[in-house]
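The numbers in the sequence shown follow numbering that gives the first Met the number 0, run straight up by one, and end at 434.
Note that beta-carbon positions come from the ideal geometry of N, C-alpha and C, so glycine has one too.
Computed from a predicted structure; not experimentally measured.
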Amino acid sequence: MSDTPARREHEEGHARDTTRAGGAHDAAAHESGAHEAAAHESLRQLLYATFRAQPQPVLASRAYTIPAASLWAGARVWLEHVRRLGLQPGDRVALALPRTPAHVEATLAAWWAGLTVCPAPEHAAQDDPGGVLTETDARLLLACVDHPHAIAPDEGHIPEEHTRATARDGGASTPGVAVLALTRSADRALRLAGATGGAAASSPRRVAINYGALLAHLTTLPAAIPSTHDDVALSTNHWHTGIGMLVDLWPALLRGVTLRVMLDDLHDPDAVVNECRAWGVTDATLLPEAARDLASCAAAGETLRALRGVVGGAPLNADLCSALRGSALQVIYTPGEACFAAALGAPGEFARGWLGRPLGCHATVIDGELHLRGPRVTPLARHTSALPAAAPAPDADAGAPWTPTGDLVAEHAGGFVFRGVVMRGGTTAAARAAA
0 MSDTPARREH
10 EEGHARDTTR
20 AGGAHDAAAH
30 ESGAHEAAAH
40 ESLRQLLYAT
50 FRAQPQPVLA
60 SRAYTIPAAS
70 LWAGARVWLE
80 HVRRLGLQPG
90 DRVALALPRT
100 PAHVEATLAA
110 WWAGLTVCPA
120 PEHAAQDDPG
130 GVLTETDARL
140 LLACVDHPHA
150 IAPDEGHIPE
160 EHTRATARDG
170 GASTPGVAVL
180 ALTRSADRAL
190 RLAGATGGAA
200 ASSPRRVAIN
210 YGALLAHLTT
220 LPAAIPSTHD
230 DVALSTNHWH
240 TGIGMLVDLW
250 PALLRGVTLR
260 VMLDDLHDPD
270 AVVNECRAWG
280 VTDATLLPEA
290 ARDLASCAAA
300 GETLRALRGV
310 VGGAPLNADL
320 CSALRGSALQ
330 VIYTPGEACF
340 AAALGAPGEF
350 ARGWLGRPLG
360 CHATVIDGEL
370 HLRGPRVTPL
380 ARHTSALPAA
390 APAPDADAGA
400 PWTPTGDLVA
410 EHAGGFVFRG
420 VVMRGGTTAA
430 ARAAA
């Protein structure tokens with residue numbers, strides 16, 4: 000095409016449009032970054048107020064008793080380790096520590112430093128540390144001191160473990176074992192194992208939660224579960240899972256209660272009942288399987304119905320709903336594909352498929368599938384290198400896109416009833432009815 004005035008005008012107009020589009024994208028990116036920075040600072044203030052020089056919350060088990068101020072002191076040591084290792088905001092840390100104060104302290108330090116925490120099972124790090132680093136795309140792996148592939152402290156890569164006194168049990172060790180690998184940075188606060196697409200899901204996926212969504216979650220869920228500093232919550236879930244970390248562990252700590260950690264016999268109803276009675280447990284976060292085990296045990300039935308807290312992580316069958324109806328417990332809906340704790344039922348409100356009412360987010364049903372949006376909602380990253388868009392700022396919520404949950408529901412009484420899951424395969428979708 001010849002160089003005509005019309006062509007030059009067209010090209011100049013296209014250049015102006017491109018410049019405007021680029022400017023709008025840059026402005027949006029700047030606004031998103033500013034929102035993330037503000038959310039991160041607010042999260043730091045929340046953690047500071049909860050742990051710094053405070054007697055509550057308390058993390059306790061048969062092996063340790065650690066008040067909040069000691070957890071804070073331990074986190075400061077971990078933070079020095081992070082700085083000595085040269086980690087930068089956004090770097091990923093795979094966390095494969097046991098359910099001990101070290102796990103809480105390392106997470107505190109990582110969030111304070113603006114790192115991305117990738118929880119992983121202890122056994123996975125022991126069996127295949129390279130696989131954990133590859134799957135999480137992490138720069139650092141924290142695991143137990145007896146890790147068979149640990150880099151020795153005298154090699155100069157990691158600090159020596161430190162020991163500090165506990166409030167009652169005479170001492171506990173907080174290890175700092177690292178296996179280093181190079182990776183990209185990822186501006187997210189937390190990456191949790193998840194799955195989507197129902198039975199069609201065939202590859203490991205992780206939910207990437209930015210600091211805005213994390214802050215919104217950690218201020219919404221604790222406020223929805225009334226408690227006092229005299230309460231004792233029982234932790235029976237693995238902390239590398241979404242429900243263990245974001246529904247069990249951190250909401251309890253931020254509510255300022257004593258969190259009693261069962262280190263073994265997690266699936267023994269008699270052991271759970273004994274733990275509840277010995278320590279005056281008032282609250283618990285239970286998976287349906289654990290609740291069913293307790294409901295089927297004659298000695299545990301009364302204890303189960305007296306507990307406050309939540310039951311969720313999977314659909315509840317009719318028998319379990321019947322056992323829990325009228326109890327002090329609440330059903331919680333945790334669609335890991337989009338949001339953790341997206342809906343909550345009233346105490347004792349249990350029915351087959353009942354998910355509860357929206358909690359701190361907006362919900363709608365599109366073609367039978369539940370969709371969510373709000374500051375606590377983040378889409379699923381289909382691969383560790385494919386990050387979703389940042390969660391919207393609260394004042395921009397109305398214009399945010401809806402995020403599908405993968406769950407088919409029916410609306411009922413201001414909430415939702417589970418009907419099945421969406422089966423995604425190419426361009427087709429099918430439903431599998433709830434069992």
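Could you work out which residue in the options is closest to residue i when comparing CA atoms only?
i: Ala112; options: Glu79, Gly129, Ala137, Ala101; result: Glu79
i: Val256; options: Asp318, Asp282, Pro97; result: Asp282
i: Pro314; options: Gly300, Asp406, His361; result: Asp406
i: Phe339; options: Leu58, Gly413, Thr404; result: Thr404
i: Leu96; options: Leu323, Gln125, Arg259; result: Gln125
i: Val310; options: Trp238, His239, Gln55, Asp247; result: Asp247
i: Leu358; options: Thr64, Asn209, Thr218; result: Thr218
i: Leu107; options: Thr133, Leu84, Trp77; result: Trp77
i: Arg51; options: Glu35, Ala350, Ala68, His39; result: Ala68
i: Val330; options: Ile224, Ala105, Ala137, Pro66; result: Ile224
i: Glu134; options: Cys117, Gly73, Leu141; result: Cys117
i: Pro100; options: Gln87, Arg75, Ala123; result: Arg75
i: Pro56; options: Asp90, Ser41, Asp263, Thr227; result: Thr227
i: Cys486; options: Cys275, Asp269, Arg304; result: Outside the shown range of the chain, which is 0 to 434, sits residue 486, and nothing can be said about it.
i: Leu45; options: Trp71, Ala59, Leu58; result: Trp71
i: Leu220; options: Thr64, Trp249, Leu233, Asn209; result: Trp249
i: Pro54; options: Pro66, Arg43, Ala48; result: Pro66
i: Glu410; options: Asp366, Trp401, Thr402; result: Asp366
i: Leu42; options: Tyr210, Trp401, Gly312; result: Tyr210
i: Asp90; options: Ala59, Thr49, Leu132, Leu58; result: Leu132
i: Leu262; options: Ala38, Ala317, Ala59, Arg83; result: Ala59
i: Phe349; options: Phe417, Cys360, Trp401; result: Phe417
i: Thr402; options: Ala298, Arg83, Gly335, Gly352; result: Gly335
i: Ala299; options: Cys275, Ala105, Thr49; result: Cys275
i: His32; options: Pro88, Cys360, Ala48, His216; result: First, the amino acid is wrong: residue 32 is Gly here, not His. Closest option to Gly32, Cα to Cα, is Pro88.
Helix, strand or coil, according to DSSP, for residue i in the structure here?
i: Val256; result: coil
i: Gly243; result: helix
i: Glu134; result: helix
i: Ser1; result: Interpretation of Ser1 is limited by its pLDDT of 48, a score under 50 that renders its predicted location unreliable; the figure taken from the coordinates is listed afterwards. Reduced to three states, the DSSP call for Ser1 is coil.
i: Asp263; result: coil
i: Leu217; result: helix
i: Thr106; result: helix
i: Leu248; result: helix
i: Ala277; result: helix
i: Pro88; result: coil
i: Gly373; result: coil
i: Val178; result: Low per-residue confidence applies at Val178: pLDDT is 39, beneath 50, and the placement is therefore not dependable enough to give any value.
i: Thr404; result: strand
i: Asp127; result: coil
i: Gly419; result: strand
i: Pro287; result: helix
i: Pro435; result: One cannot answer for residue 435 here, as it falls past the ends of the chain, which runs 0 to 434.
i: Ala112; result: coil
i: Ala222; result: helix
Could you check whether residue j and residue i sit closer than 9 Å to each other, using their CB atoms as the reference points?
i: Asn236; j: Leu293; result: no
i: Leu328; j: Leu354; result: no
i: Ser326; j: Pro346; result: yes
i: Leu252; j: Leu245; result: no
i: Leu139; j: Val103; result: no
i: Ala207; j: Val376; result: no
i: Arg61; j: Trp238; result: no
i: Val81; j: Ala109; result: yes
i: Leu265; j: Ala290; result: no
i: Ala399; j: Gly373; result: yes
i: Val421; j: Phe415; result: no
i: Ala137; j: Glu121; result: no
i: Thr302; j: Val260; result: no
i: Ile242; j: Thr333; result: yes
i: Leu94; j: Ala119; result: yes
i: Arg324; j: Gly413; result: no
i: His39; j: Leu214; result: yes
i: Val231; j: Gly279; result: yes
Per DSSP, what are the beta-bridge partners of residue i in this structure?
i: Ile365; result: Glu368
i: Val272; result: Answer by DSSP bridge pairing: none, since Val272 is not bridged.
i: His411; result: Gly414
i: Cys117; result: Ala93
i: Ser234; result: Val260
i: Asp282; result: Ala232, Arg307
i: Gly300; result: DSSP output for Gly300 lists no bridge partner at all.
Length at least 3, wholly inside the segment 304-359: the beta strand (DSSP E) runs in chain order: 307-311, 328-332, 353-357
Enumerate, from N- to C-terminal direction, the unbroken beta strand (DSSP E) stretches of 3 or more residues contained entirely within the segment 24-85. 57-59, 64-66
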